[in-house]
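This report concerns only the one structure given below.
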Amino acid sequence: MSTRPSTRPSGWRVVALGALLAMGGAWQAVAILVLLAAVLWAEEIWGALARAAGAVRARARARRRLELLEDRLLDLQAAMALQGQALPAPCAHEQAVPVPAVGGNVVAWLCPQCDTQLPADFSTLEAAR
Ligand SMILES: [Zn+2]
Numbered sequence: 097m098s099t100r101p102s103t104r105p106s107g108w109r110v111v112a113l114g115a116l117l118a119m120g121g122a123w124q125a126v127a128i129l130v131l132l133a134a135v136l137w138a139e140e141i142w143g144a145l146a147r148a149a150g151a152v153r154a155r156a157r158a159r160r161r162l163e164l165l166e167d168r169l170l171d172l173q174a175a176m177a178l179q180g181q182a183l184p185a186p187c188a189h190e191q192a193v194p195v196p197a198v199g200g201n202v203v204a205w206l207c208p209q210c211d212t213q214l215p216a217d218f219s220t221l222e223a224a225r
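Spelled out as structure tokens, the structure:
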């Protein structure tokens, strides 16, 4: 708000004058008055327009930021899902079963949990280690 005394007529007086002129049928005078008022209050009108435009821009910026955050969240979720798939729970082959040959010798071990074939010297005791 400006503290310097205004040399402009008050808005209501201009409106009243405009109404009187309009009632008298002086449309050209009303048009000139409107133009004059627009020039006199250009600063305020421009300020209000600029504020409105600024608010719209700020809203658009906020929305864009929100969209970026949303995208980032989706990226992170996708990355976490990928990581979850790439790192399955490590299998200790605790349920590994011996695979005997015809002679009865254990030639290998097979883990039914992860389908991993293990060497003959593998034992479930080793897995527990
Ligand atoms: Zn296993």
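Everything in the sequence shown is counted per the numbering used here, starting at 97 for the first residue and increasing by one.
Ideal placement from N, C-alpha and C gives every residue a C-beta, glycine not left out.
* So what does DSSP say about residue 193, is it helix, strand or coil? -> Residue state, collapsed to three classes: strand.
* Within this structure, are the beta carbons of residue 128 and residue 134 separated by less than 8 Å? -> Contact flag unset, no.
* To do: In angstroms with no decimal places, state the Cα-to-Cα distance between residue 117 and residue 126.
  => 6 Å
* Asked: What first and last residue would you give for the alpha helix (DSSP H) that runs through residue 126?
  -> It spans 123 to 136 - the alpha helix (DSSP H) in which residue 126 sits, taken as one unbroken run.
* So, using beta-carbon positions, are residue 215 and residue 204 closer together than 8 Å? -> yes
* In DSSP terms, what residue 178 is bridged to -> Beta-bridge pairing links residue 178 to no other residue.
* **Selection from 208, 181, 144 that minimises the alpha carbon distance to residue 188** => Check the Cα spacing between residue 188 and each of 208, 181, 144: the tightest is with 208.
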